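Residue numbers for the sequence shown follow this note's numbering, beginning at 2 and rising by one. Ideal Cβ positions, reconstructed from N, Cα and C, are used throughout, including at glycine. Since the model is a prediction, treat every value here as computed from it, not as a measurement. Here the structure comes first, spelled out in structure tokens, and everything after it is commentary.
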Amino acid sequence: MTTPDCLIIGGGVIGLSLAYDLAQHGLRVRIVDRQEAGREASWAGAGILPATGPDEAHHPLDQLRVLSYQLHPHWAASLFEATGIDNGYRQCGGIYLARSHGEAAALGGLIGLMREERIAIDRLTPTMLIDLEPALRPLAESGYLRAAYRLPTESQLRNPDHLQALLKATRDLGVEFSLGTHIASFEIEQGQVRAALSEKNERLPAQSFCLTAGAWTRQLLEPLALPNGILPVKGQMVMFRCQRPPLQHILNEGPRYVVPRDDGRVLVGSTEEEVGFQKQTTPDTLQELAEFGRQLVDPLHAAVIEKSWAGLRPGSFDGLPYLGQAPNLDNVYVAAGHFRNGLFLSPATAVVMGRLIRGENTQIDLSPFYPGRG
């Protein structure tokens, strides 16, 4: 086995995207994952790509958001050209709703911040909402609708298809995979990691290492004696199956959403539950999500629930991801803790971390995301 330039531990959307970037720049890359690549939170999400403003952001997190939003259509096109797999990227627009005075006040504050970022926003009357989405007529005429706004540039893609495209593209670029391999410890010498060691005592050497294992990154940080602020946050999801798409826009109300797919499937999510690594769905929560979807989209009353699932997002104590070089280890990098934005931020994360690993200027200040902050 040729020693790779970078061993990426974690084969979710962050790890696959980083491998895609590094391999395109000629680096030898190997991905290690304890199971099949492209599972867990990367697969379980809804694929929402929030709208951003022009390229004038000041905070590094906002700069990552803007860069990712700009990269997604280009990645979708290049992945399709390379693999023939359509990841479902489309600019469908998003509608933000509020059904109580408190929700309307909170939404008004959020809309104000978005307008400061020069994001395109239209305020909707009930009549305008019905014209855009006839399926929302019962909601619009119910008397409970307090506010509605349309963000025409909100977009989406289909997580499973995007992951399959990344898997094929990285393999075609020569990225190697060690799947079903659980990393238990590391061989450290003179401030560098020389090799990752599996629980079966397999030695995996590399020139550099990047930890991209989502919520499970904390289990990799512990044997390296690195600060550990990553925690799993469970999110549950329900998927309806309709004969035809009941709406075009993504619907957002607080932390919950309804995402229509072109084939008639409709995703309804999601929850934020700090319950450790328990990934089971719960009937009461699934029922609440289903009822939420039906309250917003009347045709869902006649639709069947095709599937439900849960995923574990990697949260952080301060809401920021961990991006950068690990403290006291010259050749170890961390890219994790993206919480609900892993898929959205994956292209920008791959680009800036790729630059860092190659010794280039990241062009975005990564100090707020320093892995040593706790």
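Give, in chain order, every unbroken run of the alpha helix (DSSP H) that is at least 4 residues long and sits entirely within the segment 85-113. Counting only runs of 4+ residues, no alpha helix (DSSP H) is found wholly inside the segment 85-113.
How many Å lie between residue 101 and residue 59 at the Cα? Position 100 of the sequence shown, counting from 1, holds the residue named residue 101. Position 58 of the sequence shown, counting from 1, holds the residue named residue 59. The alpha-carbon of residue 101 is positioned some 33 Å away from that of residue 59.
The beta strand (DSSP E) enclosing residue 334, as first and last residue numbers: Position 333 of the sequence shown, counted from the first residue, corresponds to residue 334. It spans 333-337 - the beta strand (DSSP E) in which residue 334 sits, taken as one unbroken run.
Figure out for me which residue from 20, 41 and 120 has the closest Cα to the Cα of residue 31. As a working mapping, residue 31 is identified with position 30 in the sequence shown. Nearest option by C-alpha distance: 20.
Candidates 139, 322 and 281, of which the one nearest residue 128 by Cα: On the sequence shown, residue 128 is found 127 positions in, with the first residue counted as 1. If we check each option's Cα against that of residue 128, 139 comes out closest.
Can residue 197 and residue 314 be called in contact, C-beta distance under 9 Å? Taking the sequence shown and counting its residues from 1, one reaches residue 197 at position 196. Taking the sequence shown and counting its residues from 1, one reaches residue 314 at position 313. The answer is no: Cβ separation not under 9 Å.
Give the secondary structure of residue 288 by DSSP, where H, G and I count as helix, E and B as strand, and everything else as coil. If you number the sequence shown from 1, residue 288 lands on position 287. Helix, per DSSP.
Out of 287, 113, 343 and 227, state which residue places its alpha-carbon closest to the alpha-carbon of residue 316. In the sequence shown, residue 316 corresponds to position 315, counting from 1. Residue 343 is the option with its Cα nearest to residue 316.
Out of 151, 77, 63 and 71, state which residue places its alpha-carbon closest to the alpha-carbon of residue 99. Along the sequence shown, read from residue 1 onward, the residue named residue 99 stands at position 98. That would be 151, whose Cα lies nearest to the Cα of residue 99.
In chain order, what residues of the same chain have a beta carbon less than 7 Å from the beta carbon of residue 170, not counting five sequence neighbours either side? Walking along the sequence shown from the start, residue 170 turns up at place 169. Excluding positions up to five away in sequence, the list reads 21, 80, 83 and 84.
In this structure, does DSSP put residue 357 in helix, strand or coil? Here residue 357 corresponds to residue number 356 of the sequence shown, with the count starting at 1. Helix.
Among 356, 371, 291 and 288, which residue has its Cα nearest to the Cα of residue 326? As a working note, residue 326 is residue 325 in the sequence shown. Checking every option, the nearest Cα to that of residue 326 belongs to 371.
Classify residue 150 as helix, strand or coil using the three-state DSSP reduction. Sequence index remark: in the sequence shown, residue 150 carries index 149 (1-based). In the three-state reduction of the DSSP assignment, residue 150 falls in the strand class, which pools E and B.
When burial is assigned at 16 or more other CB atoms within 10 Å of the CB, is residue 134 buried or exposed? What you label residue 134 is simply residue 133 of the sequence shown in a count that begins at 1. The residue is buried, with at least 16 neighbouring Cβ atoms inside 10 Å.
Cβ neighbours of residue 349 in the same chain (closer than 7 Å, five flanking residues each side left out): Position 348 of the sequence shown, counted from the start, is the residue given in the question as residue 349. Taken in chain order, the residues that qualify are 65, 68, 69 and 72.
Express the C-alpha separation of residue 191 and residue 256 in angstroms, rounding to a whole number. Taking the first residue of the sequence shown as position 1, residue 256 is located at position 255. Taking the first residue of the sequence shown as position 1, residue 191 is located at position 190. The straight-line gap from Cα to Cα measures roughly 46 Å.
Quick one, which of 35, 48, 16 and 347 has its alpha-carbon nearest residue 262's? In the sequence shown, counting from the first residue as 1, residue 262 sits at position 261. Ranking 35, 48, 16 and 347 by Cα distance to residue 262 puts 48 first.
How many Å lie between residue 24 and residue 356 at the Cα? As a working note, residue 24 is residue 23 in the sequence shown. As a working note, residue 356 is residue 355 in the sequence shown. About 12 Å.
Through-space distance from residue 94 to residue 239, alpha-carbon basis: Residue mapping note: residue 239 aligns to position 238 of the sequence shown, counting from 1. Residue mapping note: residue 94 aligns to position 93 of the sequence shown, counting from 1. Going by the C-alpha atoms only, they are around 21 Å apart.
Given residue 153, which residues of its chain have a CB within under 6 Å of its CB, disregarding the five upstream and five downstream residues? For the purposes of this step, residue 153 is taken as residue 152 along the sequence shown, with counting starting at 1. The residues are 94 and 121.
With H, G and I counted as helix, E and B as strand and the rest as coil, what does DSSP make of residue 78? For the purposes of this step, residue 78 is taken as residue 77 along the sequence shown, with counting starting at 1. Three-state DSSP puts residue 78 in a helix.
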